[in-house]
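*Asks:*
Numbering (this note's numbering), first residue to last: 1135 to 1297.
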């Protein structure tokens, strides 16, 4: 059992979303890794950059209890993983990782557009939990609430446009 799994077990966390795991697996849509004691890690692969380093990758660590209630996993993209569990109402968890603000604009547009589409396809009665590194800053003026940033960046604007 790894450190992350041991910590999740100690803190009684059944579902832990992971962004930017830097693990590459070739020709595998979603890798399921046995973490020991019934814990399972589902991951989409990171991608290789121009210098062959692995970047990105998202995953979800599930306790034995959560894994038993798993209905399905869906990889919407290397940056978006959707997991639905049984329940009444059924919870749907999305773990995601947005391109940074330094990335080309079309990458961010495509990410937020796909994320929005994925969210819209979840039935209204489901509980929706979105966990992600959005690489976004939203100002208190734009959010009309408490934030840490004093300005909204590009990804922050895309995030606001989704709501």
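All C-beta atoms, glycine included, are put in the ideal place defined by N, C-alpha and C. Model, not experiment: these values are computed from the prediction.
Which one of 1268, 1266, 1143 and 1245 has the shortest CA to CA distance from residue 1170?
*Replies:* That would be 1143, whose Cα lies nearest to the Cα of residue 1170.
*Asks:* Look at residue 1194 and residue 1229 and say whether their C-beta atoms are less than 8 Å apart.
*Replies:* For residue 1194 and residue 1229, yes; Cβs fall inside 8 Å.
*Asks:* Excluding sequence positions up to five away, which residues of its chain have a Cβ less than 7 Å from the Cβ of residue 1271?
*Replies:* 1283, 1285, 1286, 1287 and 1290, listed in sequence order.
*Asks:* Nearest to residue 1179 by CA position, among 1156, 1237 and 1281, is which residue?
*Replies:* Among 1156, 1237 and 1281, the Cα nearest to that of residue 1179 belongs to 1156.
*Asks:* Which parts of the segment 1232 to 1284 are runs of the alpha helix (DSSP H), unbroken and 4 residues or longer, counting only runs that do not cross its ends?
*Replies:* Here the runs fully enclosed are 1239 to 1254 and 1274 to 1277.
*Asks:* Nearest CA to the CA of residue 1275: which residue from 1248, 1294, 1267 and 1265?
*Replies:* If we check each option's Cα against that of residue 1275, 1294 comes out closest.
*Asks:* With respect to the beta strand (DSSP E) encompassing residue 1206, which residues constitute its N-terminal and C-terminal limits?
*Replies:* Run containing residue 1206: 1204 to 1211, per the beta strand (DSSP E) assignment.
*Asks:* Between 1137, 1172, 1151 and 1189, which has its C-alpha nearest residue 1233's C-alpha?
*Replies:* Looking at the Cα atoms, 1189 is the closest of the given residues.
*Asks:* Just to confirm my understanding: we take residue 1241, look at its own chain, exclude 5 residues before and 5 after, and list those with CB closer than 6 Å. What are they?
*Replies:* Taken in chain order, the residues that qualify are 1233.
*Asks:* Looking at residue 1192 and residue 1152, is the spacing between their C-beta atoms short of 8 Å?
*Replies:* In contact: residue 1152 and residue 1192 (Cβ atoms closer than 8 Å).
*Asks:* Which value, in whole angstroms, describes the spacing of the CA atoms of residue 1150 and residue 1277?
*Replies:* Roughly 27 Å separates the two Cα atoms.
*Asks:* With 16 other CB atoms within 10 Å as the buried threshold, where does residue 1216 fall?
*Replies:* Residue 1216 comes out buried.
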